[in-house]
DNA sequence: CCGCTACTGTGCAGATCGATCAGTTGTGAC
DNA sequence: GTCACAACTGATCGATCTGCACAGTAGCGG
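Rendered as structure tokens:
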């Protein structure tokens, strides 16, 4: 297996962390916070975006606060060769937050959100009516134990030390 | 059920959409894009953050690009009353991206990521070793059918028309 | 030893930010 | 009908940040 992932060194990780904690901070503030030059922050950030590690900075919407307090995880068993059709169907349904093809005989796991249990059932029924779906099982999310996060994983390995420090001040 | 969610009108939705498509845009550029005054954008954005609808602007990290190309969904059946302990354990494991308590007799659904199948198995084994876990089932994600998104859901209802337009220029 | 790359610190012109003000308009209360 | 209120507009101000360029320093490999 080739290492397709761009290796993130300590500075990259620190940059991501700082950016997570202060999302609206500009390059100058980040550079101050990290103790490096502004140009370095800009270059690193540019590289992270170029390599596809950082795909965006979209606003994180709290669906509960927005009025969509009901979420569910649905496992779909789909008909042979219907993956393409189903993908299009899922993408067209606003209530479907995300969907993944998984191991198992044609299984798809998707996450669904709705404003109420009634609305959720509507979406679930619509899913079940699909010609591509053979069987479906759903569980309702009751509480969020661990909110979505990626930094702990990235940090866990303690990346390689930063590059040549170069001109060390003075 | 009370409508705890802050109602988002057309302008709020347009703002979120513009912000999603141009995440690094400042208030001025957003105002130009939406055709409203800069102060309005700032006020709306402030309100969205105050009401908790927008919780942050953290950088979206593509785990595959970062070298963590293996993801799995794990269903844990847990022992009675062990939810608290398990939550702490899950939070302490970097490989656990998120976790939700779900319907079913003490079930928890969590998403796990790893650098390779071997690493994934390590995490899975660690989960199984937990005293709080009675049984565990895991499916590996093969491909992402629908990437995570929230805007379609928010937009689907076509929020109420914007507020009093006020001074209409001229 | 030399070339390459990465980082540092600085400077400048232009753009943006945050705060504030008066003016206009729709809404709901009285 | 009239009034106060809330929301949006358009504008200004100083302070700050951005994008870009430059020369200098330090580690790495040939």
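Chains as they are written, first to last, in this note's numbering: chain P, 1 to 170; chain F, 171 to 340. The beta carbon of each residue, even a glycine, is placed where N, CA and C say it ideally should be. Keep in mind it's a predicted model, so treat the numbers as computed, not measured.
Could you give the residue range of the beta strand (DSSP E) that holds residue i?
i, result
"residue 250 (chain F)", "Counting along the chain, residue 250 (chain F) falls outside any beta strand (DSSP E), and DSSP gives it neither H nor E."
"residue 327 (chain F)", "From DSSP, residue 327 (chain F) is part of no beta strand (DSSP E); its letter is neither H nor E."
"residue 141 (chain P)", "133-146"
"residue 319 (chain F)", "Note, residue 319 (chain F): premise wrong, no beta strand (DSSP E); not H, not E."
"residue 281 (chain F)", "277-284"
Could you round the C-beta distance between residue i and residue j to whole angstroms and report it? I think they count as a contact, below 8 Å.
i, j, result
"residue 107 (chain P)", "residue 75 (chain P)", "6 Å"
"residue 66 (chain P)", "residue 178 (chain F)", "7 Å"
"residue 34 (chain P)", "residue 48 (chain P)", "Contact flag wrong, Cβ pair sits at about 14 Å."
"residue 238 (chain F)", "residue 283 (chain F)", "5 Å"
"residue 255 (chain F)", "residue 57 (chain P)", "The pair is not a contact, with the Cβ atoms about 35 Å apart (cut-off 8 Å)."
"residue 77 (chain P)", "residue 135 (chain P)", "4 Å"
Residue i versus chain F: which residues are under 7 Å apart at the beta carbon?
i, result
"residue 139 (chain P)", "272, 273, 274, 277, 279"
"residue 113 (chain P)", "323"
"residue 85 (chain P)", "Result: empty, since nearest Cβ-Cβ is about 11 Å, beyond 7 Å."
Express the C-alpha separation of residue j and residue i in angstroms, rounding to a whole number.
i, j, result
"residue 11 (chain P)", "residue 123 (chain P)", "44 Å"
"residue 54 (chain P)", "residue 71 (chain P)", "27 Å"
"residue 325 (chain F)", "residue 316 (chain F)", "17 Å"
"residue 264 (chain F)", "residue 220 (chain F)", "30 Å"
"residue 37 (chain P)", "residue 31 (chain P)", "6 Å"
"residue 115 (chain P)", "residue 63 (chain P)", "9 Å"
"residue 133 (chain P)", "residue 151 (chain P)", "36 Å"
"residue 128 (chain P)", "residue 111 (chain P)", "14 Å"
"residue 328 (chain F)", "residue 92 (chain P)", "16 Å"
"residue 39 (chain P)", "residue 45 (chain P)", "10 Å"
"residue 105 (chain P)", "residue 41 (chain P)", "46 Å"
"residue 81 (chain P)", "residue 21 (chain P)", "44 Å"
"residue 2 (chain P)", "residue 270 (chain F)", "A caution first: residue 2 (chain P) carries a pLDDT of 46, below 50, which makes its placement in the model unreliable, though a value can still be read off. Taking the straight line joining both Cα atoms gives about 33 Å."
"residue 323 (chain F)", "residue 98 (chain P)", "11 Å"
"residue 29 (chain P)", "residue 308 (chain F)", "43 Å"
"residue 222 (chain F)", "residue 197 (chain F)", "19 Å"
"residue 300 (chain F)", "residue 144 (chain P)", "20 Å"
"residue 249 (chain F)", "residue 259 (chain F)", "14 Å"
"residue 195 (chain F)", "residue 266 (chain F)", "32 Å"
"residue 296 (chain F)", "residue 273 (chain F)", "24 Å"
"residue 330 (chain F)", "residue 183 (chain F)", "10 Å"
"residue 23 (chain P)", "residue 290 (chain F)", "30 Å"
"residue 6 (chain P)", "residue 83 (chain P)", "31 Å"
"residue 288 (chain F)", "residue 149 (chain P)", "22 Å"
"residue 169 (chain P)", "residue 43 (chain P)", "Since pLDDT at residue 169 (chain P) reaches only 47, below the 50 mark, its modelled position is unreliable, and no value is offered."
"residue 19 (chain P)", "residue 243 (chain F)", "28 Å"
If we define contact as Cβ-Cβ less than 7 Å, is residue i a contact residue for chain P?
i, result
"residue 189 (chain F)", "yes"
"residue 193 (chain F)", "yes"
"residue 235 (chain F)", "yes"
"residue 207 (chain F)", "no"
"residue 179 (chain F)", "no"
"residue 322 (chain F)", "yes"
"residue 182 (chain F)", "no"
"residue 289 (chain F)", "no"
"residue 172 (chain F)", "With a pLDDT of only 46 at residue 172 (chain F), under 50, the local geometry of the prediction cannot be trusted, and the value read off the model is given with reservation. Not closer than 7 Å to any Cβ of chain P, the Cβ of residue 172 (chain F) fails to qualify, so no."
"residue 339 (chain F)", "With a pLDDT of only 48 at residue 339 (chain F), under 50, the local geometry of the prediction cannot be trusted, and the value read off the model is given with reservation. Judged by the 7 Å Cβ criterion, residue 339 (chain F) is not in contact with chain P."
Residues of chain P with CB closer than 7 Å to the CB of residue i, please, in chain order.
i, result
"residue 199 (chain F)", "The premise fails here: residue 199 (chain F) is roughly 14 Å from chain P at the closest Cβ pair, so nothing lies under 7 Å."
"residue 229 (chain F)", "16, 19, 20, 54, 57"
"residue 261 (chain F)", "146"
Against chain F, with Cβ distances strictly below 7 Å, would residue i count as a contact?
i, result
"residue 94 (chain P)", "yes"
"residue 53 (chain P)", "yes"
"residue 98 (chain P)", "yes"
"residue 49 (chain P)", "no"
"residue 136 (chain P)", "no"
"residue 5 (chain P)", "yes"
"residue 40 (chain P)", "no"
List the residues of chain F that residue i touches, going by C-beta distances under 9 Å, in chain order.
i, result
"residue 77 (chain P)", "Simply none; closest approach about 12 Å."
"residue 131 (chain P)", "Within chain F, no residue comes near residue 131 (chain P); the closest Cβ sits about 17 Å away, beyond 9 Å."
Which residues in chain P have a C-beta closer than 8 Å to the C-beta of residue i? List them in chain order.
i, result
"residue 319 (chain F)", "97, 98"
"residue 295 (chain F)", "Near residue 295 (chain F) there are no residues of chain P at all, since even the closest Cβ is about 16 Å away, more than 8 Å."
"residue 312 (chain F)", "100, 101, 102, 103"
Which residues bound the alpha helix (DSSP H) around residue i?
i, result
"residue 117 (chain P)", "117-129"
"residue 188 (chain F)", "180-191"
"residue 25 (chain P)", "Per DSSP, residue 25 (chain P) belongs to no alpha helix (DSSP H) and is neither H nor E."
"residue 62 (chain P)", "Run containing residue 62 (chain P): none; DSSP gives neither H nor E here."
"residue 39 (chain P)", "38-50"
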